[in-house]
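Numbering (the working numbering), first residue to last: 55 to 238.
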């Protein structure tokens, strides 16, 4: 709603807002996994710019998805039925920027692997190589599965539940990172 009211700057500022401490912590943990590598490869300004552009792309994708969904749902209602009110779901968080960094890394290092929340490290410590390999998929594979889930979720009704989030925002950030990875 803010962007539609002319406050376009919120596409950037929303990437610095978070719903709670856990949301902030998860984003910062994942960001720390990718930011250093991107900064080392392309420089700190590039990494910061990519993160900001991923945040803006994520917010823009969320706004576009919400508007398109509302138009589609309104087009299927009888003329006498009230139009759908604007969504109350906001887009906040660094997820678009974080996923831009992850997608950039996947584009530049296609065989890199990612550990799923220390589970692969635990499997390694327990000397379970098959489980370790399963729990540390290639980054590209993990992102592709995540993107498929986010696309499926973005096409459904507006997110609800204890952890509603902007699925299209995640896709927008990933798209920006993949594009930067191909072009840079």
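Beta carbons are placed, not taken as given, at the ideal position from N, Cα and C, and that holds for glycine. Owing to the predicted nature of the structure, the values given are computational and were not obtained by experimental measurement.
If I measure Cβ to Cβ from residue i and keep anything under 6 Å in the same chain, skipping five residues before and after, which residues do I get?
| i | result |
| --- | --- |
| residue 154 | 104, 108, 227, 230, 231 |
| residue 186 | 174, 177, 178 |
| residue 224 | 149, 153, 204 |
| residue 207 | 221 |
| residue 110 | 65, 66 |
| residue 112 | 150, 223, 226, 227 |
| residue 190 | 167, 169, 174 |
Helix, strand or coil for residue i per DSSP?
| i | result |
| --- | --- |
| residue 96 | helix |
| residue 216 | In this prediction, residue 216 has a pLDDT of 48, which is less than 50 and means its spatial position is unreliable; what the coordinates show is noted afterwards. It is coil, neither helix nor strand. |
| residue 124 | helix |
| residue 80 | helix |
On the DSSP letters alone, give me the boundaries of the alpha helix (DSSP H) that residue i sits inside.
| i | result |
| --- | --- |
| residue 192 | Unbroken run through residue 192: none, as it is neither H nor E. |
| residue 175 | 173–179 |
| residue 224 | 221–237 |
| residue 158 | 149–162 |
| residue 66 | 64–67 |
Below 8 Å on the Cβ atoms is my guess for residue i versus residue j; work out the distance and round it to an integer in Å.
| i | j | result |
| --- | --- | --- |
| residue 166 | residue 160 | 7 Å |
| residue 106 | residue 92 | About 13 Å separates the two Cβ atoms, so there is no contact after all. |
| residue 234 | residue 158 | 5 Å |
| residue 193 | residue 156 | 7 Å |
Enumerate in chain order the residues of its own chain whose CB-to-CB distance from residue i is below 7 Å, with the five nearest sequence positions on each side excluded.
| i | result |
| --- | --- |
| residue 84 | 152 |
| residue 201 | 225, 228 |
| residue 117 | 57 |
| residue 215 | Here the model assigns residue 215 a pLDDT of 49, short of 50, so the residue's position is not dependable and the matter cannot be decided. |
Report yes or no: is there a C-beta of chain B within less than 8 Å of the C-beta of residue i?
| i | result |
| --- | --- |
| residue 167 | Included in the structure is just one protein chain, with no chain B present. |
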